[in-house]
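Down below is the structure, laid out as C-alpha cells.
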Amino acid sequence: MAEIQIKNVAKTFGSYTALHDINLTIADQEFMVLLGASGCGKTTLLRIVAGLETATTGEVWIGGRRVDHLAPKDRGIAMVFQNYAVFPHLTVFENIGFGLRMAKKPNDEVKRRVERVATLMHIEQLLKRYSGELSGGQRQRVAVARALAMEPDVILMDEPLSNLDALLRLEMRAELKGVLADSKTTAIYVTHDQVEAMSLADRISVMHQGKIIQAATPIEVYRNPAAEFVASFIGNPPMNFLRAEPAGEGKWKVAGQIIDGPRTSKGPLQFAIRPEDIRPAETGLTATAKVVEPLGAHLLVTSEVDGTMFRAVLDSDLQVKPGDKLTLAPQPDRVRWFDPQTTKAVA
Amino acid sequence: MTDATAVAAPATDTRKAGRYLYIAGVVVLCAWVIVPIYFLLINTLSSPETVNSYPKPFIPEFDLASLTFFAKFAGMLTALKNSVIVAGMTMILSILIGAPAGYALSRFEFRGKELFRLLILLTRAFPLPLLALPLAVFFIRTGLDDTTFGLALVHTTLALPFAVLITFSLFSGIPIELEEAAWTLGCTRITAFTKVVFPLILPGITASAIFAFVISWNEVFAAAVLTIENRTLTAFLLQNLDTSPLHLKFAGGFILVVPALIFIFAVRKYLFAMWGIANR
Ligand SMILES: Nc1ncnc2c1ncn2[C@@H]1O[C@H](COP(=O)(O)OP(=O)(O)OP(=O)(O)O)[C@@H](O)[C@H]1O
Ligand SMILES: [Mg+2]
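Right, here's the structure in full:
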C-alpha cells in the first residue's frame, strides 16, 4: 500500500517561487501524470517526492508515513531520470542489480530479479554490455529496468521516453503501461507530451506556473477543463474561444447568435468549443474560411468568426475553399463556459 | 580547366611552404626537449672515463659504471629514499585533502565559493623563499625541522592547489544524476561516492596523485632549507654539485628526470583537460 500525499508543498529558489502550495493525493497503484509546459515545476515536484530536493514548506507522505525528513533511500521509491543516469562503469546486469546489491540480496536472487525485468524490458541480450555500447533507447530501457528491479512501492519517472524517436516511444509507452499495471506500483510520471499523458494516465495533473490547475481523469480534463489554461493547453488543435455577452436569463449572444448557457448574473463570459465538436448546419455561427488543411480523414479549417480565429475539424468530403462563407453549429452538450475574470469554468 | 590549375598552383606553393615551416618548427621544438635528455641518457649509460673525456660519443655504451658509482656515493641512496618517502607522503596528503575540497567545490553551493577558488590559486602567488625563514623557525619550534614529514607538509601546500583544481574538474565531469540515481537505489552519500563516483574518477585521481608526486620530487628550495640530515635527492645533489664528478651529476640528473617523463606520459590527457584543451 503506497498512497502518496503532498500537503501544502511550496518551493522557492532564492526569490523565485517554483511551486505554490501544492496539494495532491495519489491513490495506491494509481498512475498519475504531471503534465505541463517547460519550466512549470514538474521536475521540482517529482524531486521533492523523491527526496532529492527539500520543500521550502509542506509535507510529503508515502504509505501513511511522513517522509520529507528521510533520505531518498529510505522512502521506498525508485526513480527514472530524464537523461538515463546509467552507471558507465558497470555492465547492464550490474546496473539493473545495483539497488539489489546495495540491499545485500543473495547472488541468486539478484540474478533472478535482474533477468526477470530484463526480459520484461526486452534487453536480456544486452546484460553484458556497458552503457557506452548502448543506443539511447536501450539505455532508457536499462534505466526503467533498474527502477523496476527494486520492486518499489512508488516509481517516479521524469520524461522517461523523451529521448526516443516517435516509433520507439509509442512502443515503449504501451510496454510501460502494461508492465506498471502488472507490478501494482504507484507511479508519478512527468511529461510535457499531452498524447503520452492521455494514453498512460489514470489521472492527469495539469500544472501551470508552479500550481496544479486540475487533477482529473484524462477524459475529464479533455471534456471538462477546469480553467481556460487547461482548455487551451490540452487538445490539438486547441479549443476555440469566443466572447459571449449576456442576453437574458440563461441566454448568451455569441457572434450574433443566441445560445443557451449558464444561468449566472456575471458579466461577459468566454464561450468555448473543441474544433471536432462543430458541424456545418443551416443555422449557426457565420465563419469565413481562411486556411484549409486536408489531414486525410479530416479537414482542418481555420476560419474567422466575429474577428476571432476559429478552428473546425470537418469531414474531408466537404468542399471548402479559402474565402468561403460557412455556417457552423457547435454541438450543444459540448459547449463550455469560462469566466474571463477568474479564468475558471462556469457551470 | 587550365585557368583553374594556373590559379591553384601558387596557392598550393604557399601552402607547401607553410607546411615546411610548420614541420621545421615542430622539429626544432622537439629537438629542444629531446636533445638534452638524449645527452643525459648517453652520459648516464657510459663509463665514467668516457663521460670525462672528449670527444663525446653519440651512442650510449650501456655501461652501468656511472650508475653504480652513483648508487655507492655516500648518502645518495638515503637521499633517494627520502625523496621517495617525501613525494609519497605529499601524494597521499594532497589527494586526501585536495579531493574532498574539489568535491565540495563542484557539488555544493556555499558562501564565498568563488573567493575560495581564488584563494586556492593565490597560494601559488607567495614565493617560497619569502616563507622559508618563518617556516624554518616555526618548524624548529614544533620539532618538524629536518623530518621527512615536515618537508612533505610543505610540499603538500605546493601540490594542493593543483590537486583541488584537477579533482574539481574531474568531479564536475561526473553528472550529479549518477549520484542521485545511486541515492534512490539505496546508497548514502558516502556509499554513492565509493560505489559510483570513485570508480569513475580513479584514473583522474591517479593522474593528480602522480602530479603531486612529481611536484615534490622536483622541489629543491624548501628541501634544502628545511632539512640537513634527511636531505632529499634534489637537495643532496645541489649540496654536492660543485664537489662531485661529472658522471655523478649526469646520473643524478637522469634519475631526477625519469619520473617527470613518466608522469607527462601518464597524465597528458588530464593536463589538457585542466587547461581546457580538447583531448586528442
Ligand atoms: N536549482 C535551481 N535553482 C534555481 N531555479 C531552479 C532550480 N531548479 C529549477 N529551477 C526553476 O524552477 C522552475 C521549475 O523547474 P523544473 O525543472 O521543475 O521545470 P519542469 O517543469 O521540469 O520543466 P521541463 O519540462 O523543461 O523539464 C524553472 O523556472 C527553473 O528555472
Ligand atoms: Mg523537467
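These protein sequences, in sequence, are chains A and B. Residues in the first sequence are numbered consecutively from 337, following this note's numbering. Residues in the second sequence are numbered consecutively from 82, following this note's numbering. Positions of the beta carbon are idealized from the N, C-alpha and C atoms, including for glycine.
Only residues of its own chain outside the window of five on either side were considered, and among them VAL295 have a CB closer than 6 angstroms to the CB of ALA341 of chain B, listed in chain order. When C-alpha distances from MET645 of chain A are compared across A:PRO616, A:ASP653, A:ALA608, the shortest belongs to A:ALA608. Excluding five sequence positions before and after HIS328 of chain B, the CB atoms of its chain that fall closer than 6 angstroms to its own CB belong to PRO129, VAL132, SER147, given in chain order. Shown here, ILE123 of chain B sits in a helix according to DSSP, grouped into three states.
As for any alpha helix (DSSP H) of minimum length 4 sitting wholly inside the segment 441-511 of chain A, the runs are 443-456, 472-485, ordered along the chain. Straight-line spacing of the CA atoms in GLU460 of chain A and SER471 of chain A works out to 15 angstroms.
By the beta-carbon neighbour count (other beta carbons within 10 angstroms, threshold 16), PHE143 of chain B is exposed. Within the model, the alpha-carbon separation for THR269 of chain B versus GLY435 of chain A is close to 12 angstroms.
Along the length of the segment 404-445 of chain A, whole alpha helix (DSSP H) runs at least 4 residues long occupy 428-432, 434-438, reported in chain order. Between the segment 281-297 of chain B and the segment 200-217 of chain B, the count of Cβ pairs shorter than 8 angstroms is below three; the stretches do not touch.
Here GLN606 of chain A is buried. Its C-beta has 16 or more other C-beta atoms within 10 Å. Contact fails between the segment 306-322 of chain B and the segment 269-278 of chain B, because fewer than three Cβ pairs, one in each stretch, are under 8 angstroms apart. The segment 539-553 of chain A makes no contact with the segment 502-520 of chain A, as fewer than three CB pairs between them are under 8 angstroms. Contacts with chain A (Cβ-Cβ distance below 8 angstroms) from the segment 259-282 of chain B involve LEU259, GLU261, ALA262, ALA263, TRP264, THR265, LEU266, GLY267, CYS268, THR269, THR272, LYS276, VAL277, PRO280, LEU281, listed in chain order. Residue pairing of PRO666 of chain A in beta bridges, as defined by DSSP: A:ILE614.
For the C-beta of PRO256 of chain B, the chain A residues within less than 8 angstroms are, from N- to C-terminus, ASN419, ALA421.
In the displayed model, GLY546 of chain A falls within coil according to three-state DSSP, outside both helix and strand. Collapsing the DSSP output to three states places ASP94 of chain B in a helix. Residue state for SER639 of chain A is assigned as strand, using DSSP reduced to three classes. In chain order, ALA563, GLU564, ALA567, PHE577, LEU605, GLN606, ALA608, LYS680, ALA681, VAL682 place their CB closer than 8 angstroms to the CB of PHE674 of chain A, counting only its own chain and leaving out the 5 sequence neighbours on each side. Taken in chain order, the unbroken stretches of alpha helix (DSSP H) that lie wholly in the segment 519-579 of chain A and span 4 residues or more are 530-536, 554-559, 564-569.
Residue contact with chain B for GLY435 of chain A: present (Cβ-Cβ distance below 7 angstroms to some residue of chain B). For VAL277 of chain B, no beta strand (DSSP E) run applies, since DSSP gives it neither H nor E. Looking only at B:LEU281, B:VAL165, B:PRO181, the smallest Cα-Cα distance to THR229 of chain B is reached by B:VAL165. Taking a cut-off of 6 angstroms from the heavy atoms of ligand 1, the residues with a C-beta inside it are A:PHE349, A:TYR352, A:ALA354, A:GLY372, A:SER374, A:GLY375, A:CYS376, A:GLY377, A:LYS378, A:THR379, A:THR380, A:HIS528. Taking the Cβ atoms as the reference, ASP613 of chain A lies roughly 15 angstroms from LEU635 of chain A, outside the contact range of under 8 angstroms.
DSSP, reduced to helix, strand and coil, places THR348 of chain A within a strand of the structure shown.
Exposure of GLY659 of chain A is indicated by the presence of fewer than 16 other C-beta atoms within 10 angstroms of its C-beta. Where LYS378 of chain A is concerned, there is no enclosing beta strand (DSSP E), although the alpha helix (DSSP H) around it starts and stops at 378-386.
Identification of chain B residues near HIS425 of chain A by a Cβ-Cβ cut-off of 7 angstroms yields PRO280, LEU281, ordered along the chain. Within the DSSP bridge table, the entry for GLY372 of chain A names A:MET543 as partners.
Any Cβ of chain B closer than 7 angstroms to the Cβ of MET457 of chain A would place that residue at the interface, and such an atom is absent. Under the 7 angstroms criterion on CB atoms, MET493 of chain A is classed as non-interfacial with respect to chain B.
Any Cβ of chain B closer than 7 angstroms to the Cβ of ALA439 of chain A would place that residue at the interface, and such an atom is present. Taking a beta-carbon distance threshold of 7 angstroms, PRO408 of chain A counts as an interface residue toward chain B. Sequence-distant Cβ neighbours of GLY333 of chain B in its own chain, meaning closer than 6 angstroms and more than five residues away, are LEU318.
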